[in-house]
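Q: Have a look at this one.
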Amino acid sequence: MRTRTKILTQVLLLGSFLLFLLASMGSILAQNQEKVELKIQLPKPMFIGTPRNIKTPNLEPVTGKPRGPFYVPKGTELVSLKKPVTSSDPLPVIGELSYVTDGEKSGEDGYFVELGPGPQWVQIDLKAPYLIQAIVVWHYHSQARVYRDVVIQVSEDKDFVNGVVTLFNNDHDNSSGLGAGRDKEYIETYEGKLIDGKGTKARYVRLWSNGNTANDMNHYVEVEVYALPVK
Ligand SMILES: [Ca+2]
Ligand SMILES: [Ca+2]
Numbered sequence: 001m002r003t004r005t006k007i008l009t010q011v012l013l014l015g016s017f018l019l020f021l022l023a024s025m026g027s028i029l030a031q032n033q034e035k036v037e038l039k040i041q042l043p044k045p046m047f048i049g050t051p052r053n054i055k056t057p058n059l060e061p062v063t064g065k066p067r068g069p070f071y072v073p074k075g076t077e078l079v080s081l082k083k084p085v086t087s088s089d090p091l092p093v094i095g096e097l098s099y100v101t102d103g104e105k106s107g108e109d110g111y112f113v114e115l116g117p118g119p120q121w122v123q124i125d126l127k128a129p130y131l132i133q134a135i136v137v138w139h140y141h142s143q144a145r146v147y148r149d150v151v152i153q154v155s156e157d158k159d160f161v162n163g164v165v166t167l168f169n170n171d172h173d174n175s176s177g178l179g180a181g182r183d184k185e186y187i188e189t190y191e192g193k194l195i196d197g198k199g200t201k202a203r204y205v206r207l208w209s210n211g212n213t214a215n216d217m218n219h220y221v222e223v224e225v226y227a228l229p230v231k
């Protein structure tokens, strides 16, 4: 009788273990299925070929290949379009701060905003907290350039004092004073630069730069933030 109970308990234990295994496999499969490729509308390329003449100390290897697909959870949307933009330079030299989120990504003249020299930032208020999946940045793409000290941070604090998460930082020598970063410098193209948001919850996105390889000014054609609503 005792042996029977023992066997029954073992069978029950094994059964529940198998059920647990199946359930976790199911949820892993479901998570994978819910990822979709992020569709980004790209502007027309403004130059052809792979630039090799840019000299800068922290540049990523130039492959000349297009960016591969980037997968985001199903339901991820563009949440930055027409959202308000503020800046460390409230009076841009050329253009308007609103250009950053107006949906226009052309590399031609008349589509970029120019901020003053030195470290400057633009900040987007998404008007509500979101789970940020991807940020795509076009500084200026009519000419191959590298923007210096690109630092991208998100926060729920509009002043970026509390709860600041740095998603990207290629200021390897801390010349902008926000701390040294491990990311690489990159050449601007029509594809923009995609930064993984890692599902970080935030309402505000702040993007720093510190001049570029052509001049000391800071430019933006467009910034896009793709995110899930907070449930
Ligand atoms: Ca724009
Ligand atoms: Ca630097």
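Mapping of the sequence shown onto my numbering: position 150 corresponds to residue 150, and the numbering continues sequentially without gaps. Glycine is no exception: its CB is placed at the ideal position from the N, C-alpha and C atoms.
Do the CB positions of P45 and S106 come within less than 8 Å of each other?
A: In this structure, S106 does not lie closer than 8 Å to P45 by Cβ.
Q: So what does D89 bridge to, in DSSP terms?
A: None; D89 has no bridge partner.
Q: Check for me: the beta strand (DSSP E) holding T200 runs from which residue to which?
A: Counting along the chain, the beta strand (DSSP E) containing T200 begins and ends at K193 to S209.
Q: May I ask you to check if the CB of H139 is nearer than 7 Å to at least one heavy atom of ligand 2?
A: Checking the Cβ of H139 against ligand 2 gives no.
Q: Report the rounded CA-to-CA distance for R203 versus S87, giving the unit in angstroms.
A: Rounded to the nearest angstrom, the two C-alpha atoms are 16 Å apart.
Q: Could you name the residues of the same chain whose beta carbon sits closer than 8 Å to that of P69, not counting the 5 residues immediately before and after it, in chain order?
A: So the list reads E37 and L38, once near-sequence residues are dropped.
Q: For A180, is the classification buried or exposed, using 16 other Cβ atoms within 10 angstroms of its Cβ as the cut-off for buried?
A: With fewer than 16 Cβ atoms within 10 Å of its Cβ, A180 is classed as exposed.
Q: Would you say K105 touches ligand 1, meaning its beta carbon is less than 7 Å from a heavy atom?
A: Yes, the Cβ of K105 comes within 7 Å of a heavy atom of ligand 1.
Q: Between which residues of its own chain and K184 is the CB-CB distance below 8 Å, once the five residues before and five after are set aside?
A: Within the same chain, K184 has close Cβ partners N58, L59, E60 and N170.
Q: In the DSSP output, which residue or residues are listed as bridge partners for I48?
A: Its beta-bridge partners do not exist; DSSP assigns none.
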